[in-house]
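Student: First, the structure itself, so that you have it in front of you.
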Amino acid sequence: TRSMAVALAASRVRVNGVALGSVMSANLKDQMQANDDYRDRILRQTPMGRIGAASEVAEAVQFLSSDAAAFMTGQIVTVDGGRTLLDPVAVPAH
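Last residue of the sequence shown: number 1579 in the working numbering, and the count goes up by one each step with no gaps.
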């Protein structure tokens, strides 16, 4: 992201990314149905105590695409309910 942002900045192209935490999806629903305590583990590891909605990720993407973020480039916006704040290295993949 940063390398591309530097390379494209002179052309007025902004390069940003969105890093997701647990966001409700068909795949996540399947995982929760297959594993009884999966949802509870996610909630315990997420300071906001809930699973995100796709619309919340879309709002972050919309912001990054808007004129409100016209002076932002090379950034990663984390949308994870605070999960990586607890221990960014130990967050298990799911």
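Every residue, glycine too, gets a C-beta built ideally from N, C-alpha and C.
Roughly how many whole angstroms lie between the Cα atoms of A1519 and R1535?
Tutor: Cα to Cα, the separation comes out at about 19 Å.
Student: In chain order, which continuous runs of the beta strand (DSSP E) of length 3 or greater are located wholly inside the segment 1498-1526?
Tutor: Fully enclosed beta strand (DSSP E) runs of 3 or longer: 1502-1505.
Student: Buried or exposed: where does Q1530 fall if 16 or more other Cβ atoms within 10 Å of its Cβ makes it buried?
Tutor: Its Cβ being crowded by 16 or more others within 10 Å, Q1530 is buried.
Student: If you compare alpha carbons, which of D1525, T1486, R1499 and A1511 is closest to A1538?
Tutor: The shortest Cα separation from A1538 among D1525, T1486, R1499 and A1511 belongs to A1511.
Student: Give the range of the alpha helix (DSSP H) segment to which T1569 is assigned.
Tutor: Looking at the DSSP string, the run of the alpha helix (DSSP H) that includes T1569 is R1568 to L1571.
Student: Figure out for me which residue from V1491, F1548 and A1495 has the closest Cα to the Cα of V1562.
Tutor: Ranking V1491, F1548 and A1495 by Cα distance to V1562 puts F1548 first.
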